[in-house]
Structure formats: structure tokens, C-alpha cells
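For what it's worth, the UniProt record's numbering labels the leading residue of the sequence shown as 1, then goes sequentially.
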Amino acid sequence: MECSSNLRPGTPGRPQRAGNSRSTRKKKKRRKEMSIKHCDKHDCERQRLYRQFCAALVAVILLILLIILIVWLVLRPTRPRFYLNGLTVACLNATSSPASYLTVTLQATIAARNPNSRVGIYFDRTDAYAEYKGQQVTVPTALPVVYQGHLDVSVWSPFLVGSNVPLAPYLAVALAQDETAGYVLLTVRVDGWIRWKAGAFITGHYHLRVRCPALLTVNGGQGSYGSIAGGGGNGYFNFQRAAPCVVDV
1 MECSSNLRPG TPGRPQRAGN SRSTRKKKKR RKEMSIKHCD KHDCERQRLY RQFCAALVAV
61 ILLILLIILI VWLVLRPTRP RFYLNGLTVA CLNATSSPAS YLTVTLQATI AARNPNSRVG
121 IYFDRTDAYA EYKGQQVTVP TALPVVYQGH LDVSVWSPFL VGSNVPLAPY LAVALAQDET
181 AGYVLLTVRV DGWIRWKAGA FITGHYHLRV RCPALLTVNG GQGSYGSIAG GGGNGYFNFQ
241 RAAPCVVDV
């Protein structure tokens, strides 16, 4: 009795399929390992480029900071110096009834000096005004915009005017007492913005605040004998002396 078989002579059936399966699994595993290695290689390349970029950025920032530090140490810009050289009083009248008001007309002579030998100064948007015991008594007067070169001096002579400025009652009393004593202390202020210039480099704006004390004698130091209306002119108020100013930048 003959038995028929679909298998070819000499070709085993199931063992052949098992061998093929193992070979296929090995190939897939090898491809997967190669794919993982390929991806890891690209990730490493990206990380390397990222590290190089970060290192270059940090180096550039440090270089810029070092240059700024060197320039600052070499140039060492110093704030400008201000002097109140004169203060002429054309009018200083206070009234106390029914309310306290002050009318002021002054002319100040203000000098500013640039003490830097390598740095220039731009004076931008600078105003001057007068104060009495912390209260502003004149409107701000704009000073001319100027560039001050190395070791240069600039002089301004602005008029400082206030008309019927309301005064607190205690300030009106204090002004009357000062006039009676023969001395009145005003403050001339300069407020604005400046820029430093070193070669072709110009900085941003810095806030300039100047405070100049102005001591006035009343009637030659004799005082007004209690009168609250001082008047002015004809030497009634005299500027005592030039004084250095306090400068804050």
C-alpha cells in the first residue's frame, strides 16, 4: 500500500519551518538593534550641538561683560559737579490773608562741570526750579540741551518764577520768622536726564537730581521786623555765597 505525501523526499517538514522562524526572529532583532543604534547616534549628535551652542552663548556673554567691566574700570565716569554761583531775587512776596500765597521771581546762575577726562556728558530734558522747606514754589524752567566735552564747564542763568503759589499755613509762618531773623534759605533744584559718551559708545539715560542750597540775607541781615511781605529788589534780598550742590545720578 502506497502512502502519498506532499513533502519532497529528503526535505523535512516541521524542522525546516522552525529553523526559518528562528532565522527570521534573529534578522528582526538585528534590524531593531541597528535602528536603536541609529537613533541613539542622532540623539547624541543633537545633544553635542546643543552643548556647543550653550557653551558659545555663555562665552559671548562673559566676553561682553568683561569688555564692559574693563571699559568701566578704565574710564570710571564721574557724576558732573554743580555750583550755584548766584541768585538774584527780583520779587519774594508772601500774603497771609485770607489765604497764604507766595509770588516769586528769581534768576539763578548755575554752573556744571564735567570732571571726566575721557567721557563726555549729554544733558537732556533738564529743568530747574526753586523750593522752600521742601515745597516747590516756582514752575520748572527748561535748561538748554547741551553736550559737555571732557573737563568742560556749562553755565545756565534761568529765570525761576512762581505766581500766587499756595503755601501751607505753617510755611507762611516759617517764612515770616525767617525774614524777621534776617535769613531765608531756599533750595534751587535741577532735575533731568543725562547720557555718558565714551568714544562712539553712548549709554542710556540716567536720572540727574541736583540740590543747591541758597542762603539769602534779608535787608542786610537786619530782617524785616515781622513783616511777612518781603518785596524784593534794591538789595533787600542778597545771595550770601556760592555753594557746592549735592548731585545724585
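Every residue gets a Cβ at the ideal spot worked out from N, C-alpha and C, and that includes glycine.
If you draw a straight line from the C-alpha of residue i to the C-alpha of residue j, how long is it?
| i | j | result |
| --- | --- | --- |
| N116 | E45 | 53 Å |
| T109 | V58 | 51 Å |
| R51 | I64 | 20 Å |
| R113 | V247 | 12 Å |
| G134 | T203 | 32 Å |
Return the bridge partner residues of residue i from the DSSP annotation.
| i | result |
| --- | --- |
| W156 | I110 |
| R46 | DSSP, once it has assigned bridges, lists no residue as partnering R46. |
| F82 | A112 |
| D178 | Answer is none; D178 lacks a bridge partner. |
| R189 | Y129 and R211 |
| Y101 | T95 and P166 |
Helix, strand or coil: which one does DSSP assign to residue i?
| i | result |
| --- | --- |
| S163 | strand |
| Y170 | helix |
| R145 | With the sequence shown as reference, residue 145 is identified as Val, and Arg is not the correct amino acid for it. DSSP places V145 in coil when its eight states are reduced to three. |
| R241 | coil |
| T24 | helix |
Name the residue from the options whose alpha carbon lies nearest to the alpha carbon of residue i.
| i | options | result |
| --- | --- | --- |
| A172 | L151, S97, G162 and L69 | S97 |
| residue 261 | V146, V247 and N238 | Since the first residue shown for the chain is 1 and the last is 249, residue 261 is missing from the structure and cannot be characterised. |
| L208 | R189, D152 and L216 | R189 |
| I121 | F159, V58, Y206 and Y129 | Y206 |
| L87 | V247, Q240, S100 and C245 | Q240 |
| S154 | A111, I70 and T105 | A111 |
| F175 | G192, L216 and G149 | Checking the displayed sequence, the identity of residue 175 turns out to be Leu instead of Phe. Among G192, L216 and G149, the Cα nearest to that of L175 belongs to L216. |
| T105 | Q135, Y129 and L167 | Y129 |
| C245 | A168, T187 and I194 | T187 |
Between the segment 178–194 and the segment 210–223, are three or more C-beta pairs nearer than 8 Å? yes
Meets three-Cβ-pair contact criterion under 8 Å: the segment 138–146 and the segment 77–88: no
Taking 8 Å as the cut-off, does the segment 143–161 touch the segment 210–217 (at least 3 CB pairs, one atom from each stretch)? no
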